[in-house]
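In what follows, a structure is listed as structure tokens, so that the remarks can point back to it.
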Amino acid sequence: MTVRLTPENAAHLLERLRESQPLVQCLTNAVVTNFTANVLLALGAAPAMVDVPTEAGPFAGIASGVLVNVGTPHAEQRNAMLEAAAAAHAAGTPWVLDPVAVGVLPVRTGLARELLHFRPTAIRGNPSEIIALAQLGTGGRGVDATDSPESAADAAALLARSTGASVAVSGVVDLITDGSHTIRVANGHALLTRVTGGGCALGAVTAAVLSLVDPDDPGAILAATAAATLVYTVAAELAAADAAGPGSFAVHFLDRLHSLDAATVADQARLA
Amino acid sequence: MTVRLTPENAAHLLERLRESQPLVQCLTNAVVTNFTANVLLALGAAPAMVDVPTEAGPFAGIASGVLVNVGTPHAEQRNAMLEAAAAAHAAGTPWVLDPVAVGVLPVRTGLARELLHFRPTAIRGNPSEIIALAQLGTGGRGVDATDSPESAADAAALLARSTGASVAVSGVVDLITDGSHTIRVANGHALLTRVTGGGCALGAVTAAVLSLVDPDDPGAILAATAAATLVYTVAAELAAADAAGPGSFAVHFLDRLHSLDAATVADQARLA
Amino acid sequence: MTVRLTPENAAHLLERLRESQPLVQCLTNAVVTNFTANVLLALGAAPAMVDVPTEAGPFAGIASGVLVNVGTPHAEQRNAMLEAAAAAHAAGTPWVLDPVAVGVLPVRTGLARELLHFRPTAIRGNPSEIIALAQLGTGGRGVDATDSPESAADAAALLARSTGASVAVSGVVDLITDGSHTIRVANGHALLTRVTGGGCALGAVTAAVLSLVDPDDPGAILAATAAATLVYTVAAELAAADAAGPGSFAVHFLDRLHSLDAATVADQARLA
Numbered sequence: 242m243t244v245r246l247t248p249e250n251a252a253h254l255l256e257r258l259r260e261s262q263p264l265v266q267c268l269t270n271a272v273v274t275n276f277t278a279n280v281l282l283a284l285g286a287a288p289a290m291v292d293v294p295t296e297a298g299p300f301a302g303i304a305s306g307v308l309v310n311v312g313t314p315h316a317e318q319r320n321a322m323l324e325a326a327a328a329a330h331a332a333g334t335p336w337v338l339d340p341v342a343v344g345v346l347p348v349r350t351g352l353a354r355e356l357l358h359f360r361p362t363a364i365r366g367n368p369s370e371i372i373a374l375a376q377l378g379t380g381g382r383g384v385d386a387t388d389s390p391e392s393a394a395d396a397a398a399l400l401a402r403s404t405g406a407s408v409a410v411s412g413v414v415d416l417i418t419d420g421s422h423t424i425r426v427a428n429g430h431a432l433l434t435r436v437t438g439g440g441c442a443l444g445a446v447t448a449a450v451l452s453l454v455d456p457d458d459p460g461a462i463l464a465a466t467a468a469a470t471l472v473y474t475v476a477a478e479l480a481a482a483d484a485a486g487p488g489s490f491a492v493h494f495l496d497r498l499h500s501l502d503a504a505t506v507a508d509q510a511r512l513a
Numbered sequence: 242m243t244v245r246l247t248p249e250n251a252a253h254l255l256e257r258l259r260e261s262q263p264l265v266q267c268l269t270n271a272v273v274t275n276f277t278a279n280v281l282l283a284l285g286a287a288p289a290m291v292d293v294p295t296e297a298g299p300f301a302g303i304a305s306g307v308l309v310n311v312g313t314p315h316a317e318q319r320n321a322m323l324e325a326a327a328a329a330h331a332a333g334t335p336w337v338l339d340p341v342a343v344g345v346l347p348v349r350t351g352l353a354r355e356l357l358h359f360r361p362t363a364i365r366g367n368p369s370e371i372i373a374l375a376q377l378g379t380g381g382r383g384v385d386a387t388d389s390p391e392s393a394a395d396a397a398a399l400l401a402r403s404t405g406a407s408v409a410v411s412g413v414v415d416l417i418t419d420g421s422h423t424i425r426v427a428n429g430h431a432l433l434t435r436v437t438g439g440g441c442a443l444g445a446v447t448a449a450v451l452s453l454v455d456p457d458d459p460g461a462i463l464a465a466t467a468a469a470t471l472v473y474t475v476a477a478e479l480a481a482a483d484a485a486g487p488g489s490f491a492v493h494f495l496d497r498l499h500s501l502d503a504a505t506v507a508d509q510a511r512l513a
Numbered sequence: 242m243t244v245r246l247t248p249e250n251a252a253h254l255l256e257r258l259r260e261s262q263p264l265v266q267c268l269t270n271a272v273v274t275n276f277t278a279n280v281l282l283a284l285g286a287a288p289a290m291v292d293v294p295t296e297a298g299p300f301a302g303i304a305s306g307v308l309v310n311v312g313t314p315h316a317e318q319r320n321a322m323l324e325a326a327a328a329a330h331a332a333g334t335p336w337v338l339d340p341v342a343v344g345v346l347p348v349r350t351g352l353a354r355e356l357l358h359f360r361p362t363a364i365r366g367n368p369s370e371i372i373a374l375a376q377l378g379t380g381g382r383g384v385d386a387t388d389s390p391e392s393a394a395d396a397a398a399l400l401a402r403s404t405g406a407s408v409a410v411s412g413v414v415d416l417i418t419d420g421s422h423t424i425r426v427a428n429g430h431a432l433l434t435r436v437t438g439g440g441c442a443l444g445a446v447t448a449a450v451l452s453l454v455d456p457d458d459p460g461a462i463l464a465a466t467a468a469a470t471l472v473y474t475v476a477a478e479l480a481a482a483d484a485a486g487p488g489s490f491a492v493h494f495l496d497r498l499h500s501l502d503a504a505t506v507a508d509q510a511r512l513a
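Chains as they are written, first to last, in this note's numbering: chain A, 242 to 513; chain B, 242 to 513; chain C, 242 to 513.
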């Protein structure tokens, strides 16, 4: 298996996303639902926040991709999340798990472990969350990225091997691994951590990009997970260059996701 | 009955909205609640997101207008919606139904049909939703407007006649009908479909404008429903002219709703 | 006890907030959760929207400060709020109560009274809400500030004395009292009332600033409550100077919260 994400590969996936406008079902936390939908719309995907039991499962069979983010896991949404993850797994719909603040807080920690049974296609989190999910630690103090992705490299690889998911760890240099191959993305900007949902919305974008590749090709899944991070962080970098602070950054970021073209992605990429 | 919406009529309603600052109760989906409140505030109305059972009903008697949007219909909110619609109907408070993704998804489809018993003053949706609600079809793939409003013209007229509501179908040219008279609004911009809540917030604005007219005058109700669409889409058009993408569009849109004056509405209107 | 808030005192608290990055747990309404998190992030604090029962209580022991805002009090969140307030009280974590629309609406009115048993460190509201909470009136028509803070001065003082909280009443000139000493802040701008969450997010900022002072020093608590209002309204004033309406105001406001320095706070303060 050759696993290579080239800038051109990522750029091509962006073009295909714009053409196919994947329908991304998001079961996500109450804080970021608006921003997440706007990120998907800006990029050219179609968001659908279907997170009510008896609707969530059937919809996961129709959707192109599914995001399950456990940031504010109210009881009814927890049921919908389990239903959607089970249905996505059964239907072969790619789905992404974002284990927000797992490790610190009991309800979501139990939920995330249960969700792992349905084998997410990808898992995206900060270093503390990935370490906690891999049961190698007890997590950080919430949604902060207090550790560097490199400190979570072993946990990410272990988690990837034990679940079959590609694992993306967010930080200054993002790390994406399937347990044997690792891609690093050095694009991005600190302002992305000063806007709520900066990480969460990447989970939704990852679900969108995963819908474009062969679900039975592990190399393509790893490359797509990394491509999502690359496209997202290139847009962030360009937005930051025009921003006066986190308010204008968020505005420019949505504009950049909308206008970003394949050539710019290929040109700006800093992969390792 | 003469049903005419003139640009001057719409402009006059905008002035009256600013003077009376109608209190608009919104029971709406989790994705767009913030944007909806900001749209109402920018325009000069007063939003109140009262959607808890035992509060929602009594409040619908006090409110100037009510919006019920079934986009993320959690169990507790469903009860509050039925309570608010019943109370609005009993009190003569104008209320608007937005049947988000009805047809595709079972919970909201059943809920929307139940809500119709309380005779909404207006119904606003995309073509797929209006067709589904009129039981002429099974809806689209979610919140997309994949059909043109003209393809839903018959369904809209049927729905209007069977419910007594004015029906607004969103699209490139919006269509508003009471089943015998039809008004078309050609203003607007595609960027409104690249911001989540672009359609949903119009439902809230419609409730605000409906509060200004005689609830027993069907012609005035139709004209007010169309006037809400006109004011909203004129602001969108002006905002798009200054926007670099969906992020800056949303910012300019709120600024334009705030600064829009009657003369500009009258001048920019493209009615048919 | 000498209670003086000097501009320099407030400026110093801003510097300390940036250094310590307090972790602020927010149990707040669905409309403003995104804006509230972004305000905290822009200012340099760390938001955590932990509002699920069995998580909310333990987290309130870890958090630097807690906000309880009863704006959309769904059943599960009500339980989490009581749990968090009890735990904050037991652990000595400073916590802020925002009694949104209390007086008008029964569920939140009962909830707010129950929450008072856990002795909030501060209470922030508009005049109608403060009057209602002090049981001197029946509240306004919702979240509007139809009365001036001075009209609520007696109610605020009574509420402060009966609960032990510092009480902040928002308006053109904000009034902050502990029942014997009163500080007035004349900074701010009307556009803050045209963005949803303009008041609610101040509650979260107040929790952040309270985490920086001695919880057993009533004078320091009063000064910190007023300092939060001052920092917030100075940023609003500067943002308004660059804004074309409520959309661009919100963007500039977040940018200003991020870039605001101690010298500017001290220079712009209008205290009485």
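Heads up, the beta-carbon is just placed ideally off N, CA and C, and yes, glycines get one too.
All values derive from a computational prediction rather than experimental measurement.
Opening and closing residue of the beta strand (DSSP E) in which residue i lies
i                        : result
glycine 306 of chain C   : 306-310
arginine 425 of chain C  : 423-426
glutamate 418 of chain A : Here residue 418 of chain A is threonine; the residue named in the question, glutamate, does not match the sequence. Unbroken beta strand (DSSP E) run through threonine 418 of chain A: 415-418.
aspartate 339 of chain C : 336-339
leucine 258 of chain B   : That residue, leucine 258 of chain B, is in no beta strand (DSSP E); its alpha helix (DSSP H) goes 248-261.
proline 288 of chain B   : 287-289
valine 265 of chain B    : 264-268
Distance CB(residue i)-CB(residue j) smaller than 8 Å
i                            : j                         : result
arginine 435 of chain C      : histidine 499 of chain B  : yes
proline 314 of chain A       : leucine 352 of chain A    : yes
glycine 306 of chain A       : tryptophan 336 of chain A : yes
valine 272 of chain A        : alanine 504 of chain C    : no
glycine 486 of chain C       : alanine 283 of chain B    : yes
isoleucine 371 of chain B    : valine 408 of chain B     : yes
valine 446 of chain A        : valine 280 of chain A     : yes
glutamate 296 of chain C     : proline 347 of chain A    : yes
phenylalanine 300 of chain C : valine 291 of chain C     : yes
valine 410 of chain C        : arginine 349 of chain C   : no
alanine 585 of chain B       : valine 265 of chain B     : Since the displayed chain B opens at 242 and closes at 513, residue 585 of chain B lies outside it and no answer follows.
aspartate 415 of chain B     : proline 456 of chain B    : no
serine 261 of chain C        : leucine 453 of chain C    : yes
Burial state of residue i (16 or more Cβ within 10 Å)
i                        : result
valine 413 of chain C    : exposed
glycine 298 of chain C   : buried
glycine 381 of chain B   : Because the pLDDT at glycine 381 of chain B is just 45, under 50, the model does not fix this residue reliably, and the point stays unresolved.
serine 403 of chain C    : exposed
glycine 333 of chain B   : exposed
alanine 401 of chain C   : buried
histidine 358 of chain C : exposed
proline 288 of chain A   : buried
alanine 363 of chain B   : buried
alanine 216 of chain A   : Past the boundaries of the shown model lies residue 216 of chain A; chain A is included only from 242 to 513, so the question cannot be answered.
serine 489 of chain C    : buried
aspartate 458 of chain A : exposed
Residue i - containing alpha helix (DSSP H), residue span
i                      : result
alanine 373 of chain B : 368-374
valine 410 of chain B  : From DSSP, valine 410 of chain B is part of no alpha helix (DSSP H) but of the beta strand (DSSP E) over 407-410.
alanine 321 of chain B : 316-332
proline 459 of chain C : 459-483
valine 348 of chain C  : 347-357
Distance between beta carbons of residue j and residue i, contact taken as under 8 Å
i                      : j                            : result
alanine 393 of chain C : proline 368 of chain C       : 4 Å
leucine 501 of chain B : alanine 476 of chain B       : 5 Å
valine 510 of chain A  : phenylalanine 494 of chain A : Per the sequence shown, residue 510 of chain A should be read as alanine rather than valine. Not really, about 18 Å apart at Cβ, beyond 8 Å.
leucine 356 of chain A : methionine 322 of chain A    : 7 Å
Any C-beta of chain E under 8 Å from that of residue i
i                      : result
proline 314 of chain C : Here chain E cannot be found, since the structure's protein chains are A, B and C.
message: Which residues of the region 486-497 of chain B have a Cβ closer than 7 Å to any Cβ of chain A? Give them in chain order.
response: Gly486, Pro487, Gly488, Ser489 and Val492
- request: Using a Cβ-Cβ cut-off of less than 9 Å, give me the residues of the region 331-365 of chain A that come near chain C, in sequence order.
  value: Ala342, Val345, Leu346, Pro347, Val348 and Arg349
- prompt: What residues in the region 271-297 of chain C have a beta carbon less than 9 Å from any beta carbon of chain B?
  reply: Ala271, Val272, Val273, Thr274, Asn275 and Phe276
- prompt: Going along the chain, which residues of the region 428-455 of chain B sit with their C-beta nearer than 7 Å to a C-beta in chain A?
  reply: Arg435, Val436 and Thr437
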